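Engineer: Can you keep this structure in mind? I'll have questions shortly.
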Amino acid sequence: MSIVTKRGNHSLKVANRVDLLAPDSRSPLHLFVSHWPSRLWCEENGANRHLLGIRLRDAVEEVSGLYERQPSTILMGDYNDEPFDSSLSGQLLAARDRKLVRKNPQLLYNPFWRHLGEQEPHIPGKPRESVCGTCHSRSGLTTRWHTFDQIMFSSAFLGSNEWELDERGTQIVRIPFPNGGVSSSRNIFDHYPVASVIYRETQHGKLC
């Protein structure tokens, strides 16, 4: 199901909603997949970006209203916003604090707060190539990296439902592109993919 909102004469695509049911599962997984507009024409912290966050939040709450407990809801995509931007942290209510999310299950958990900086530590005498986000731009005063690509989870994935998040699998996937990484001027790709792992216990063991 496509979720679209309007502001004036402009249509904004919020997300596509997909409902999945795994074999022998008691309840479905609700996925919201988004690709929000580029900042080249939808400015950072502008009204359109706030509206996208508000409408996505509305869609999440619509699904939550169908259940007595928080459902298994996952949001993923290229938001062209960082975890700390108002559209995600303020309007969507996607938090970095697991304890707070468990206490207030209406919040979403965004594990990609942990992927805002260098992925590898600096070790004296051993310089290591690293990445500082999921997206690399050609210019920037204080950074050329941004964590625009994210996967967020309802509180149900923090131990209160059938499915659970295994955060060890949450990562930026550094695919070896043929012309170098996303920071290479020879590469037409400027985003790395991201991944997360969820699992549930079955009579045959874990299902991921």
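Using this note's numbering, read the sequence shown as starting at 17 and increasing by one per residue. Glycine included, C-beta positions come from ideal geometry on N, C-alpha and C. As the structure is a prediction and not an experimental result, all values here were calculated from the model.
#1: Counting only the same chain and skipping the five closest in sequence on each side, list residues whose C-beta sits under 8 Å from that of Val76.
#2: Starting from Gly69, trace the beta strand (DSSP E) in both directions and tell me its first and last residue.
#3: Measure from the alpha carbon of Ser18 to the alpha carbon of each residue in Ser27, Ala31 and Asn25, then state which is nearest.
#4: Between the alpha carbons of Gly106 and Leu82, how many angstroms are there, rounded?
#5: In the DSSP assignment, what are the bridge partners of Met185?
#6: Out of Ser212, Ile167 and Leu67, which has the shortest C-alpha to C-alpha gap to Gly24?
#7: For Ser146 and Arg73, I'd like the C-alpha separation in whole angstroms.
#8: Are the Cβ atoms of His46 and Val34 separated by less than 9 Å?
#9: What separation, rounded to the nearest whole angstrom, lies between the Cα atoms of Arg144 and Gly133?
#10: How far does the alpha helix (DSSP H) with Leu36 in it extend, from its first residue to its last?
#11: Starting from Arg216, trace the beta strand (DSSP E) both ways and give me its first and last residue.
#12: Using the beta-carbon count (16 or more within 10 Å), is His138 buried or exposed?
#13: Can you find the residues in the same chain that come closer than 7 Å, C-beta to C-beta, to Asn61, ignoring five residues on each side of it along the sequence?
#14: Considering only the beta carbon of each residue, do Leu104 and Asn64 sit closer than 9 Å?
#15: Quick check on DSSP: helix, strand or coil for Val49?
#16: Following the continuous beta strand (DSSP E) through Leu91, name the residue where it begins and the one where it ends.
#17: Classify His131 as helix, strand or coil using the three-state DSSP reduction.
#18: Looking at Arg112 and Ser176, is the spacing between their C-beta atoms short of 9 Å?
#19: From the DSSP output, in three-state form, read off Val20 for me.
Structural biologist: On the basis of the supplied data:
#1: Here the set comprises Phe48, Thr89, Leu91, Leu108, Leu124 and Ser170.
#2: Taken as a continuous stretch (DSSP letters only), Gly69 belongs to no beta strand (DSSP E), being part of the alpha helix (DSSP H) at Ala63 to Ser80.
#3: That would be Ala31, whose Cα lies nearest to the Cα of Ser18.
#4: Cα to Cα, the separation comes out at about 24 Å.
#5: The sequence given here places Gly at residue 185; Met does not occur at that position. Beta-bridge pairing links Gly185 to no other residue.
#6: Ranking Ser212, Ile167 and Leu67 by Cα distance to Gly24 puts Leu67 first.
#7: Cα atoms of Ser146 and Arg73: separation of roughly 33 Å, rounded to the nearest angstrom.
#8: Cβ distance < 9 Å, so His46 and Val34 count as in contact.
#9: Cα-Cα distance, rounded: 14 Å.
#10: Leu36 -> not in any alpha helix (DSSP H); beta strand (DSSP E) instead, spanning His26 to Leu36.
#11: Looking at the DSSP string, the run of the beta strand (DSSP E) that includes Arg216 is Val210 to Thr218.
#12: His138 should be labelled exposed.
#13: Here the set comprises Asp101 and Ser102.
#14: No.
#15: DSSP places Val49 in strand when its eight states are reduced to three.
#16: Element bounds for Leu91: Ser88 to Asp94.
#17: In this structure, His131 counts as helix in the three-state DSSP scheme.
#18: Cβ distance not < 9 Å, so Ser176 and Arg112 don't count as in contact.
#19: The three-state secondary structure of Val20, taken from DSSP, is strand.
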